[in-house]
Amino acid sequence: MDKSLIRNFCIIAHIDHGKSTLADRLLLKTGAISQREFHDQMLDGMDLERERGITIKAKAVRLRHESGGKEYVLNLIDTPGHVDFTYEVSKALAACEGVLLVVDAAQGVEAQTVANLYLAREHNLVIIPVINKIDLPSAEPERVRQQLRETLHLTDIEPILASAKSGIGVDEIMQAIVDKIPAPKGEKENPLQALIIDSAFDTFKGVVVYIRLKNGTIRKGMKIKMMGTGRVYDIEEVGVFKPAPVAIDGLSCGEVGYITCNIKNPKEVHVGDTVTDFRRPAADALPGYKKVRPLVFCGLYPVNAKDFPFLRDALEKMELSDASFIYEVESSVSFGFGFRCGFLGLLHMEIIQERLEREYNLNLIATTPSVVYKIIKRNGETVEIENPSKLPPPQEIEEIEEPFIRAFVISPADSLGNVMQLCQERRGIYKSTEYLDPTRAMLIYEFPLSEIIVDFYDKIKSMTRGYGSLDYEFKEYIASDLVKLDILINGKPCDALSFIVHKDNAFTKGNQLVSKLKELIPRQLFEVALQAAIGSKIIARETVRPVGKNVTAKCYGGDITRKRKLWEKQKEGKKRMKQFGKVEIPQEAFMAVLKL
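Per this note's numbering, the very first residue in the sequence shown carries number 440; after that it's consecutive.
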């Protein structure tokens, strides 16, 4: 195929600014789907994406568009908007030459708009700004146009005014894609170089590898080699997404599609690896992707220990479709064998857990999320721990460093005071304030990551009546005065409930937690003591009273000694039960730790 007629582009924007709706409109406009087949969020295939109204996975689709008597092939990639899925966006950008930057005409420039724009500029892509939702009663396209010029410095291309829902401006967008976005570089005659941009597991075909060809051609029956692993395969199927997968004879340089090679083991395929011709290999591999570092860790354990092998298989397949997710086996005194999993944020963790439970019918317990801490020991050794139970004894620790992030918080001017107070409470270090326009400002703070991973974003949304937004980037590790808070149940530490906390907040957190656990742990036949401790020092205590049983109900008067004998027997039994009895901790208890 003539590569001068190919355009590769993706749609980037903040959450709910209309990416998926615009993708739907482009699919309809180019005839990729008929009106009969059409439904909202056409490219969001997962039930979770439809229910939550968010995009989780980037999706590629091939469109055809006629302009000036020529038929162009447009490869569109729809991307997520949430900060937890930034890695999906960066993968999509590496496969494109241009982007549509969509901005809501009512809400204007948001934190994720700024972050995605910087990502696109890092990849040297052509940026076409689109002001969407201009048909809303509250739309202010002129104000947003001014923001694009002044805040984002987008002065070279005039923004296109559009409404993805009603179809306004879609023709102009299609024409701008053809006119402004360059054709892909590379030559058909060069040795094959194809970048693996994603992969998925199919029960019948094995691993389906999504690729973007940078050089050469790829055909069915060809022998290929993965340059990262050195493995060799025969191609069984080559195809494109229209948006359903359609098998074709071959792909040439500049195109986006998929291949299958009957690969049964998901671990053999790595996103960012280069596919080349086995008989005429390329001299160098493509740069691939920057290795992503998970920021949040938690333990996932099957409720039924027999499900452990099924959980392992499910995690292997999950890792295949999500390269930003990692896991390793770990064991816990409370739950037996499970996995320590790494995520990019709390929404990412929630989505993975829900997908595992739905798609693989697993019943899981998730432990308290934590971040990775760096421990500098007195002997000069540095260790990284993501599980509080692995923290060395206090006498061996010189200092503990925790990850800090730089956060960009966009807030309406009338909510600035409340937002700044929240930032101070979360140990935020103020850096600067920048006014985007008379009614909105961007605050820049530095935070310990552990303070914002749980409910910080929700609080920002509440305080700003839904108009606030947050984006963050990892900065560095900084030494802090941290301690490990243990929860003891009947004198035995529950490793799954331990967490690392700043020394100033330890007493408050300990008290809050044992009070909450007292409400959540069901009453037993024996007394249950709940304690919060730092090392050997107990800082808070609550008691779950035992369930009473009237052992003297059958006595009808008579000598008191008979009743006393029964009470003593009951007391001995309760004492023995307290020694050997096991307290079942419900999942709500771990969620309570999370919320505190």
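Think of the CB as a built atom: it goes at the ideal place given N, C-alpha and C, for glycine as much as any other residue.
Nothing here was measured: the structure is a model prediction, and the numbers come from that model.
Taking the CB atoms as reference points, tell me whether residue i and residue j lie closer together than 8 Å.
i	j	result
Val647	Tyr697	yes
Glu835	Leu921	no
Ala412	Val542	Lying outside 440 to 1035, the shown extent of the chain, residue 412 is not represented and no answer is given.
Leu924	Lys948	yes
Thr991	Lys1002	yes
Thr699	Gly645	yes
Pro623	Gly693	yes
Phe747	Tyr799	no
Phe774	Arg501	no
Arg446	Ile620	yes
Ala971	Leu959	no
Lys653	Leu725	yes
Arg503	Ala603	no
Tyr740	Ile702	no
Leu515	Ala462	yes
Ile616	Ile599	no
Val940	Gly907	no
Pro705	Leu783	no
Ile650	Ala639	no
Gly655	Lys627	yes
Met881	Glu890	no
Val609	Lys468	yes
Tyr766	Leu754	yes
Phe717	Lys756	no
Ser577	Ala545	yes
What does DSSP give as the partner residues of residue i in its beta bridges?
i	result
Ala979	Ala971
Ile836	Lys816
Gly831	A quick correction: the sequence has Pro, not Gly, at residue 831. None, per the DSSP bridge assignment.
Val885	The question names Val, but residue 885 in the sequence shown is Glu. According to DSSP, which records beta bridges pairwise, Glu885 is partnered with Arg845 and Ile868.
Arg794	Beta-bridge pairing links Arg794 to no other residue.
Asp641	Gly645
Pro851	Arg879
Leu652	Ala633
Thr821	Ile815
Tyr874	Ala880
Ser602	Ile607
Arg446	Leu513
Ala452	Val541
Select from the options the residue whose C-alpha is nearest the C-alpha of residue i.
i	options	result
Glu597	Gly608, Gly1012, Pro568 and Ser506	Pro568
Asp910	Ile917, Leu888, Met902 and Ser919	Leu888
Pro630	Met666, Glu611 and Ser908	Met666
Asp618	Leu444, Cys737 and Leu783	Leu444
His787	Asn800, Leu956 and Asp761	Asp761
Ala979	Leu927, Ala935 and Ala722	Leu927
Pro1037	Ser771, Ala559 and Asp441	Past the boundaries of the shown model lies residue 1037; the chain is included only from 440 to 1035, so the question cannot be answered.
Ala601	Val679, Glu579 and Ala622	Glu579
Ile607	His562, Asp641, Ala462 and Lys572	Lys572
Cys737	Lys976, Ile791 and Ile636	Ile791
Pro851	Val548, Glu885 and Arg501	Val548
Glu966	Ile973, Gly660 and Glu981	Glu981
Arg560	Asp934, His592 and Ala935	His592
Ile687	Tyr672, Pro733 and Gly660	Gly660
Gln860	Asp897, Ile839, Met881 and Met902	Met902
Asp876	His456, Thr469, Leu575 and Gln586	Gln586
Val512	Cys994, Glu825, Asn743 and Val695	Val695
Glu789	Tyr869, Val893 and His456	Val893
Asn818	Leu558, Thr806, Asn802 and Glu838	Glu838
Thr807	Ser937, Glu626 and Thr642	Ser937
Ser529	Ile674, Glu536, Ser506 and Asn555	Asn555
Gln963	Asp441, Ser975 and Lys988	Lys988
Cys871	Arg879, Tyr884 and Thr878	Position check: residue 871 holds Ser in this sequence, whereas Cys was assumed. Checking every option, the nearest Cα to that of Ser871 belongs to Tyr884.
Phe886	Glu912, Thr878, Ala544 and Asp641	Glu912
His562	Leu690, Ser954, Phe448 and Ala550	Phe448
Is any heavy atom of the ligand MN found at a distance shorter than 7 Å from the C-beta of residue i?
i	result
Lys681	Ligands are entirely absent from the displayed structure, and the ligand MN is therefore not among its contents.
So that I know if they touch, is there some Cβ in chain C lying closer than 8 Å to that of residue i?
i	result
Asp595	Chain labels in this structure do not include chain C; a single protein chain is all it has.
Counting only runs of 3+ residues fully inside the stretch 658 to 739, write out the beta strand (DSSP E) ranges in chain order. For the stretch 658 to 739, whole beta strand (DSSP E) runs of length 3 or above, ordered along the chain, are 662 to 665, 671 to 673, 676 to 680, 684 to 687, 689 to 691, 695 to 699 and 713 to 716.
What are the start and end residues of each continuous beta strand (DSSP E) run of 3 or more residues lying completely inside the stretch 887 to 972, in chain order? 908 to 919, 921 to 928 and 938 to 941
Between the stretch 858 to 865 and the stretch 820 to 833, can you find at least three pairs of beta-carbon atoms closer than 8 Å? They do not touch, by the three-pair rule.
Ordered list of alpha helix (DSSP H) runs contained in the stretch 757 to 783, each at least 4 residues: For the stretch 757 to 783, not a single whole alpha helix (DSSP H) run of length 4 or above is found.
If you scan the stretch 502 to 578 from start to end, which runs of the beta strand (DSSP E) of 3 or more residues do you find wholly inside it? 509 to 517, 537 to 543 and 565 to 571
I want to know whether the stretch 844 to 862 touches the stretch 794 to 813 - three or more CB-CB distances under 8 Å. Fewer than three pairs of CB atoms, one per stretch, sit closer than 8 Å, so the stretch 844 to 862 makes no contact with the stretch 794 to 813.
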